[in-house]
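>
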């Protein structure tokens, strides 16, 4: 961190009508990675006595100089991400987009301060274009020779940087980029190596993560993606994926139901292939 503004932020928007994306230009920080980011007002949703959404209130300004290793940026960014993902009412589409704009800015603050989890989570924002193309473009962190980098290239870089920092989840997402040609040329061999590295590093502390990695390795072994065909090993991976993903879904991870079905289908296919080979 090499520069910090000294101005005082305006406080418009108090009350239930606060915008979730109010930047504070006077609190701009220039980082060593080339990012130039303003401060931002942190907000919170408000609900009435019946539990119905009533609007947002301002909490406090986010000031990078007061954050320790990007932990506050990661905390609020994660909360906004979850909140935005839960917004499915079309009438609140604009708020969802503004929330994701705030998510991107906060994660970039965290990533620029060396927070690897914020870096990885930023990759998700770009990979899925959560803010529908509305991103912060100041600074040179995500600028290429022809101007702002495409989102897929940004996602690839975020996952690669976070993987290099040792994050298991970032390694398997980097594998997805190599497999699907997101921000890079498709490379099944590199995808397999990323998945294998993620499996070796995994401490099995998060069911959704262990299941997601095993599911991808099962696909590699079954289809011979970056490795030889091996239905027995594919079956082992699919069974492991089924166990972990079932646990993830049972504990509220509804998002992984499709992956669980994929693991179960893989088990059935590979059981048949192994039986035919005996």
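In my numbering, the protein residues as written are 1313 to 1590. Think of the CB as a built atom: it goes at the ideal place given N, C-alpha and C, for glycine as much as any other residue.
Taking the continuous alpha helix (DSSP H) assigned at residue 1340, which residues delimit it?
Careful: residue 1340 lies outside any alpha helix (DSSP H), inside the beta strand (DSSP E) at 1335 to 1342.
> May I ask which residues mark the beginning and end of the alpha helix (DSSP H) holding residue 1369?
Not the alpha helix (DSSP H): residue 1369 falls in the beta strand (DSSP E), residues 1365 to 1374.
> Can you grab the Cα-Cα spacing for the pair residue 1559 / residue 1521, in whole Å?
Those two C-alpha atoms are separated by around 11 angstroms.
> Starting from the Cα of residue 1475, find the closest Cα among 1508, 1500, 1458, 1354 and give me that residue.
Among 1508, 1500, 1458, 1354, the Cα nearest to that of residue 1475 belongs to 1508.
> Going by C-alpha distance, which of 1426, 1532, 1505 is nearest residue 1344?
Of 1426, 1532, 1505, the residue nearest in Cα terms is 1426.
> For the alpha helix (DSSP H) containing residue 1547, name the first residue and the last one.
Looking at the DSSP string, the run of the alpha helix (DSSP H) that includes residue 1547 is 1543 to 1562.
> Considering only the alpha carbon of each residue, which of 1523, 1438, 1564 lies closest to residue 1575?
Ranking 1523, 1438, 1564 by Cα distance to residue 1575 puts 1523 first.
> Kindly indicate which three-state DSSP category residue 1315 falls into: helix, strand or coil?
Because residue 1315 sits at a pLDDT of 32, beneath the cut-off of 50, its placement in the model cannot be relied upon, and the point is left open.
> On a CA-only basis, which of 1514, 1515, 1468 is nearest residue 1493? Give me that one, please.
The option with the nearest alpha carbon to residue 1493 is 1468.
> Going straight from the alpha carbon of residue 1557 to that of residue 1337, what length do you get?
Distance between the alpha carbons of residue 1557 and residue 1337: 44 angstroms.
> Using only the heavy atoms of the ligand COA, determine whether one of them is closer than 7 angstroms to the beta carbon of residue 1566.
You won't find the ligand COA in this model; it holds no ligand whatsoever.
> Leaving out five residues on either side along the sequence, give the residues of the same chain with a beta carbon under 6 angstroms from the beta carbon of residue 1510.
Answer for residue 1510: 1480, 1483, 1484, 1525, listed in chain order.
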